[in-house]
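Converting from the sequence shown to our numbering requires adding 78 to each position, the first position being numbered 1.
Positions of the beta carbon are idealized from the N, C-alpha and C atoms, including for glycine.
This report refers to the structure that appears directly beneath it.
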Amino acid sequence: AAGTGIWVFGAALQRRQPVVASALSGVGLGVLFGALFAANSFYGLLGNNLTFVLLVALVGVATLRSALTNDRFMAHVGLVGGFLAPVMVSTGNNTAVALFSYLFLLVSGVLVAATWRGWFELVLVAAGGTTLMYFGWTISWYEPSSATTAMVAAGALSLPFALCTLSTRQTRPWVNVAM
């Protein structure tokens, strides 16, 4: 309840005090992530699947709200939370297809917001987080029998970044520098 209250209070301040509102919203979002993690891991009140669905919904709402209110900080907090969600509910099993499908959807949604708002740094954070998650899976779970999954995942996770680059090349000068 506290996290939701702080987040809503931050939203109410958005027009008058955008910096304070952004900070409060980030704190509220962090409290909500922490509460869901604690409810699942420490207290056993929520199962892994429900916790994951709630975390994904939280990330989705944070990304949408950040794009609509032009709140970069909220976008970053939501993205970091999005990358932490599979780690927070990990069962210790190799669920590569589920992990990479989730990462594809997470990155695609965030890159749409980043492209729309021109948030180049969010694209970099998304690329860094995707790379860390991919290498984390590789270090923990890769074996020769999963080479096909690894290659398909690498290609699929590259696709949103390629489309982001193509869609912004004409309108954003920083993309032309990178090409």
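Residue i in three-state terms, based on DSSP
i, result
"L210", "helix"
"A231", "helix"
"R150", "helix"
Terminal residues of the alpha helix (DSSP H) in which residue i lies
i, result
"V167", "Careful: V167 lies outside any alpha helix (DSSP H) and carries neither H nor E."
"F120", "Neither: F120 is in no alpha helix (DSSP H) and is coded neither H nor E."
"A192", "A174 to R195"
"N126", "N126 to T147"
"P222", "No alpha helix (DSSP H) contains P222, which DSSP labels as neither H nor E."
"A89", "A80 to A90"
Expected contact under 8 Å - CB spacing of residue i and residue j to nearest Å
i, j, result
"L110", "L91", "Not confirmed; about 18 Å, so no contact."
"G106", "G81", "5 Å"
"L200", "L157", "7 Å"
"T193", "S245", "6 Å"
"W219", "N172", "4 Å"
### Task
Decide if the segment 137-153 is in contact with the segment 178-195; the criterion is three or more beta carbon pairs, one per stretch, under 8 Å apart.
The way I'd put it, the segment 137-153 does touch the segment 178-195; three or more beta-carbon pairs between them come closer than 8 Å.
### Query
Is it true that the segment 120-139 meets the segment 157-177, where meeting means three or more beta-carbon pairs spaced less than 8 Å apart?
yes
### Task
Give a yes or no on contact between the segment 92-107 and the segment 133-153, applying the rule of three or more CB pairs nearer than 8 Å.
These segments touch.
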